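Engineer: Going by our numbering, the letters in the sequence shown line up with residues 55 to 570, in that order.
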Amino acid sequence: MNRPVSDEVRHPADVPTRRDLLRLSAALAAAGTLGSCRSTGSGKSTPSREKNLEVWKRGRGTPYATGDLKMPGVCQLPGPYRKHKFPDPDKYRGAKPVHGMCQLCSTVCGITGWVKDGRVIKVDGNPADPNSRGRMCARGQAALNHLYHPERLLYPLARVGKRGEGRWRRISWDEAYDMVASKLQAVQRSGKLEEFAFHQGRSRSNDIVQRFLRAFGTNTHLNHRGLCSAARRAANLTYLFESDWDLGDYENAKYILNFGSNMFEAHQGHVAGAQRVQRGRFENGAKLVTFDVRMSNTAGNSDEFYMPFPGTDGAIALAMAHTLIQEKLYDDQFFREWANCGIDALWEQIKAYTPQWAEKTSGVSAVVIQRIAREFAAAAPHATTMCNRGSSAHINGYYNDRAIGLLNVLVGSVGKQGGWCWMFTGGVDGKRFPAPKGPPSPKTPSILVDPPEFVLSNVWNQMKVGEIVYHYLAKGRAKMQVYMTYNLDSPLTWPETDVTRAVLLDEEKIGFHVCI
Numbered sequence: 055m056n057r058p059v060s061d062e063v064r065h066p067a068d069v070p071t072r073r074d075l076l077r078l079s080a081a082l083a084a085a086g087t088l089g090s091c092r093s094t095g096s097g098k099s100t101p102s103r104e105k106n107l108e109v110w111k112r113g114r115g116t117p118y119a120t121g122d123l124k125m126p127g128v129c130q131l132p133g134p135y136r137k138h139k140f141p142d143p144d145k146y147r148g149a150k151p152v153h154g155m156c157q158l159c160s161t162v163c164g165i166t167g168w169v170k171d172g173r174v175i176k177v178d179g180n181p182a183d184p185n186s187r188g189r190m191c192a193r194g195q196a197a198l199n200h201l202y203h204p205e206r207l208l209y210p211l212a213r214v215g216k217r218g219e220g221r222w223r224r225i226s227w228d229e230a231y232d233m234v235a236s237k238l239q240a241v242q243r244s245g246k247l248e249e250f251a252f253h254q255g256r257s258r259s260n261d262i263v264q265r266f267l268r269a270f271g272t273n274t275h276l277n278h279r280g281l282c283s284a285a286r287r288a289a290n291l292t293y294l295f296e297s298d299w300d301l302g303d304y305e306n307a308k309y310i311l312n313f314g315s316n317m318f319e320a321h322q323g324h325v326a327g328a329q330r331v332q333r334g335r336f337e338n339g340a341k342l343v344t345f346d347v348r349m350s351n352t353a354g355n356s357d358e359f360y361m362p363f364p365g366t367d368g369a370i371a372l373a374m375a376h377t378l379i380q381e382k383l384y385d386d387q388f389f390r391e392w393a394n395c396g397i398d399a400l401w402e403q404i405k406a407y408t409p410q411w412a413e414k415t416s417g418v419s420a421v422v423i424q425r426i427a428r429e430f431a432a433a434a435p436h437a438t439t440m441c442n443r444g445s446s447a448h449i450n451g452y453y454n455d456r457a458i459g460l461l462n463v464l465v466g467s468v469g470k471q472g473g474w475c476w477m478f479t480g481g482v483d484g485k486r487f488p489a490p491k492g493p494p495s496p497k498t499p500s501i502l503v504d505p506p507e508f509v510l511s512n513v514w515n516q517m518k519v520g521e522i523v524y525h526y527l528a529k530g531r532a533k534m535q536v537y538m539t540y541n542l543d544s545p546l547t548w549p550e551t552d553v554t555r556a557v558l559l560d561e562e563k564i565g566f567h568v569c570i
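1. Can you tell me which of the three DSSP states Glu391 falls into?
2. Just mark Ala532 as buried or exposed, buried being the case when its beta carbon has 16 or more other beta carbons within 10 Å.
3. For the alpha helix (DSSP H) containing Gly334, list its first residue and its last residue.
4. If I follow the unbroken beta strand (DSSP E) through Met349, where does it start and stop?
5. Using the DSSP secondary-structure output, state which residues sit across from Asn316 in a beta bridge.
6. So Leu211 is in the beta strand (DSSP E); what residue range does that whole segment cover?
7. Tell me which residue opens and which closes the alpha helix (DSSP H) that Gln410 is part of.
8. For the beta strand (DSSP E) that Phe508 lies in, which residues bound it at each end?
9. Count the other C-beta atoms from every protein chain shown that fall within 10 angstroms of the C-beta of Pro210, then say buried if there are 16 or more, exposed otherwise.
10. Tell me, which residues are paired with Glu521 by DSSP?
11. Assign Val557 to one of two classes, buried (16 or more other C-beta atoms within 10 Å of its C-beta) or exposed (fewer than that).
12. With a floor of 3 residues, list each beta strand (DSSP E) that falls wholly inside the segment 429–495, ordered by position along the chain.
13. Using a 10 Å radius around the Cβ and a threshold of 16 neighbouring Cβ atoms, would you call Arg330 buried or exposed?
14. According to the Cβ coordinates, are Gly314 and Asp357 closer than 9 Å?
15. Is Ala434 closer than 9 Å to Met374 when the C-beta atoms are compared?
16. Report buried or exposed for Glu561, applying the criterion of at least 16 other Cβ atoms within 10 angstroms of its Cβ.
17. Relative to the C-alpha of Leu247, which residue among Arg335, Leu546 and Tyr537 is closest?
18. Give me the Cα-Cα distance between Pro409 and His376, rounded to the nearest whole angstrom.
19. Buried or exposed for Arg390, going by 16 or more other Cβ atoms inside 10 Å?
20. Taking Leu372 as the reference, give the member of Arg223, Gly492, Asn462 and Ala528 with the closest Cα.
21. In angstroms, rounded to a whole number, what distance separates the CA positions of Gly121 and Trp168?
22. Taking the alpha carbon of Lys176 as the point to measure from, which residue in Gly484, Asn185, Met190 and Asp183 has its own alpha carbon closest?
23. Can you tell me which of Met155, Asn306 and Gln239 puts its alpha carbon nearest to the alpha carbon of Gly469?
24. I think Ala420 touches Ala412, with their Cβ atoms under 8 Å apart; what is that distance to the nearest whole Å?
25. Does DSSP put Ile564 in a helix, in a strand, or in coil?
26. I'd like the list of long-range same chain contacts for Arg265, defined as Cβ closer than 6 Å, with 5 residues on each side in sequence excluded.
27. Relative to the C-alpha of Tyr309, which residue among Asn450, Glu337 and Ala437 is closest?
28. Considering Cα atoms alone, identify which of Asp385, Ser186, Ser236 and Leu158 is closest to Gly565.
29. Taking the alpha carbon of Tyr384 as the point to measure from, which residue in Leu207, Pro549, Leu460 and Met534 has its own alpha carbon closest?
30. My understanding is that Asn351 touches Glu319, with C-beta atoms under 8 Å, so please give their C-beta distance in whole angstroms.
31. State the start and end residues of the unbroken beta strand (DSSP E) segment that holds Met155.
32. With DSSP run on the structure shown, which of helix, strand or coil describes Gly271?
33. With 16 other CB atoms within 10 Å as the buried threshold, where does Ser467 fall?
34. Determine the closest residue to Ala284 out of Gly484, Ala240 and Asn450, with distance taken between C-alpha atoms.
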């Protein structure tokens, strides 16, 4: 990209204030109080579902039906959907398909880029991907912006003013490497290797990063997991010994119990998951019941939808567990074989959490809670829960998700067709392709990696609490000579931005900041 570049680059400093955001939040909160518990019906199926089923059947096998329109590149979707414009096929002539993997989220879907005259002109999903099956989300479709956006940074910049002023000058790569190397050498000379911290957002380069940090000798390798999926993963790990994202066998399920997941719009792996949920519903007769604090796309397309009070998903799940045990609807054989406690011991912990208690706590009727628990048990083992940040991304999230996961254990659907299952992941054959031996792990302790307040933070499969970094620095409990961030826009995406901003501006707390 050939653009004239001055020696000094300025960025605008006018951004929304915290007060503006608080006003908006207050307005949204006020609007949310007008909602109440509601349902789209409790019967076997609803009229809207019957209509959707007709559309689904008409469209199976023929995603797009040719219409009467003469305009090139225009197709007509089956059923009542609107017409959409698609790229003119002529634009693909002479283009070469290049296959790869999308890196814009942790799902990593298979993609095909169409390259013409050395430029990618379109990105599509790869039908050979058994997970996404050739579909792509809006973020993946917008991948070309990462390549060709006019504001994409193609060269290193060095700050020439005070931090936060937005004043920069363009430098060469050699100058950038020398500048960073000299700062790292100063850390080594000081003997305080832990004061070099590498803090990443989402990363697909962990192996290389780990080798680099071990070779340097620092243990201060931080991530964003505490603000992302730590509660969800930790809940899975402590009751099902699996710290990755769970994925129900929705395609073969008969009952999908959803707590706060918006699978049809925004969920980890939602491109694949949404397809499986819909196949389960329309080809296998699965029922989708959703508890969510708002009418999401998934909630609006569910067979039943209820609005609990925020953060009370776990109360509903505990009350359902109460019903399953009290009415002896649980899978006794499965529980005896796989659980590490007896059902009587569990009942002692559960018996106080009645459906009536959950109704007062969540606002969802006790009668509804009991009925759904019975339906869930009747559908087992072809029954699974589904949840995501709606249930886990707040102060009570870990316990919410443990309670929700318990329902799968009680009905014996874990590891069963149509039930809850673990991730299936590929890998490299270590015998055929042994990894090169890298440097040993450093012995240098780091309070940011192993904070005393969170004694298990680095035990649960690196469930690091990177969000404490700025608080520790603000209070003088830690110091950084060099802070290297990768794919981490904490001033924009981190909570408590006032603390984050103040620390990042303070050159006493962070001596040198490298942002990649």
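C-beta: ideal position from N, C-alpha, C; glycine also.
As the structure is a prediction and not an experimental result, all values here were calculated from the model.
Structural biologist: This is what the structure gives:
1. Here residue 391 corresponds to residue number 337 of the sequence shown, with the count starting at 1. DSSP places Glu391 in helix when its eight states are reduced to three.
2. Locating residue 532 in the sequence shown gives position 478, where the first residue counts as 1. Buried, by the Cβ-count rule.
3. Position 280 of the sequence shown, counted from the first residue, corresponds to residue 334. First-last of the alpha helix (DSSP H) with Gly334: His324 to Asn338.
4. Position 295 of the sequence shown, counted from the start, is the residue given in the question as residue 349. Taken as a continuous stretch (DSSP letters only), Met349 belongs to no beta strand (DSSP E), as it is neither H nor E.
5. Against the sequence shown, residue 316 aligns to sequence position 262. Partner(s): Ala320.
6. To locate residue 211, count along the sequence shown from 1; it is residue 157. Leu211 to Arg213 is the extent of the beta strand (DSSP E) around Leu211.
7. Here the question's residue 410 lines up with position 356 in the sequence shown. Start and end: Pro409 to Ser416.
8. The count along the sequence shown starts at 1 and reaches residue 508 at position 454. Looking at the DSSP string, Phe508 is not in any beta strand (DSSP E), and its letter there is neither H nor E.
9. Taking the first residue of the sequence shown as 1, we reach residue 210 at position 156. Label assigned to Pro210: buried.
10. Locating residue 521 in the sequence shown gives position 467, counting from the first residue. DSSP output for Glu521 lists no bridge partner at all.
11. Along the sequence shown, one-based indexing puts residue 557 at 503. The residue in question, Val557, is buried, as its Cβ has 16 or more Cβ neighbours within 10 Å.
12. 437–441
13. Along the sequence shown, one-based indexing puts residue 330 at 276. Arg330 is buried by the Cβ-count criterion.
14. In the sequence shown, residue 314 corresponds to position 260, counting from 1. In the sequence shown, residue 357 corresponds to position 303, counting from 1. Their beta carbons are not under 9 Å apart, which means Gly314 does not touch Asp357 by this criterion.
15. The residue you call residue 374 lines up with position 320 of the sequence shown. The residue you call residue 434 lines up with position 380 of the sequence shown. Going by C-beta atoms, Met374 is not nearer than 9 Å to Ala434.
16. To locate residue 561, count along the sequence shown from 1; it is residue 507. Classification of Glu561: exposed, given that the 10 Å Cβ count is below 16.
17. For the purposes of this step, residue 247 is taken as residue 193 along the sequence shown, with counting starting at 1. Measuring from the Cα of Leu247, the nearest candidate turns out to be Tyr537.
18. The count along the sequence shown starts at 1 and reaches residue 409 at position 355. The count along the sequence shown starts at 1 and reaches residue 376 at position 322. If you take the alpha carbons of Pro409 and His376, they lie about 8 Å apart.
19. If you number the sequence shown from 1, residue 390 lands on position 336. Exposed is the call here.
20. As a first step, residue 372 is located in the sequence shown; it is residue number 318 there, counting from the start. Among Arg223, Gly492, Asn462 and Ala528, the Cα nearest to that of Leu372 belongs to Asn462.
21. Here residue 121 corresponds to residue number 67 of the sequence shown, with the count starting at 1. Here residue 168 corresponds to residue number 114 of the sequence shown, with the count starting at 1. Residue placement at Gly121 is flagged as unreliable, the pLDDT there being 36, under the threshold of 50; the coordinate-derived value follows with that caveat. One C-alpha to the other measures close to 26 Å.
22. If you number the sequence shown from 1, residue 176 lands on position 122. Taking only the C-alpha atoms, the option nearest Lys176 is Met190.
23. Here residue 469 refers to the residue found at position 415 when the sequence shown is read from its first residue. Here the closest residue by C-alpha is Asn306.
24. Position 366 of the sequence shown, counted from the start, is the residue given in the question as residue 420. Position 358 of the sequence shown, counted from the start, is the residue given in the question as residue 412. Indeed, because the Cβ distance is near 7 Å, the residues count as touching under 8 Å.
25. Residue 564 sits at position 510 when you count from the first residue of the sequence shown. Strand, per DSSP.
26. Translated into the one-based positions of the sequence shown, residue 265 becomes position 211. Only Gly492 meet the Cβ criterion.
27. On the sequence shown, position 255 is the one that residue 309 refers to. Here the closest residue by C-alpha is Ala437.
28. Here residue 565 is taken as the residue at index 511 of the sequence shown, counted from 1. Out of Asp385, Ser186, Ser236 and Leu158, Ser236 has the C-alpha closest to the C-alpha of Gly565.
29. As a first step, residue 384 is located in the sequence shown; it is residue number 330 there, counting from the start. Out of Leu207, Pro549, Leu460 and Met534, Leu460 has the C-alpha closest to the C-alpha of Tyr384.
30. Here residue 351 refers to the residue found at position 297 of the sequence shown. Here residue 319 refers to the residue found at position 265 of the sequence shown. Indeed they touch by this definition, with Cβ atoms about 4 Å apart.
31. For this step, residue 155 is matched to residue 101 along the sequence shown. First-last of the beta strand (DSSP E) with Met155: Lys150 to Met155.
32. The residue labelled residue 271 in the question sits at position 217 within the sequence shown. In this structure, Gly271 counts as coil in the three-state DSSP scheme.
33. Position 413 of the sequence shown, counted from the start, is the residue given in the question as residue 467. Flag for Ser467 reads buried.
34. Stepping through the sequence shown from its first residue, residue 284 is reached at position 230. Answer by Cα proximity: Asn450.
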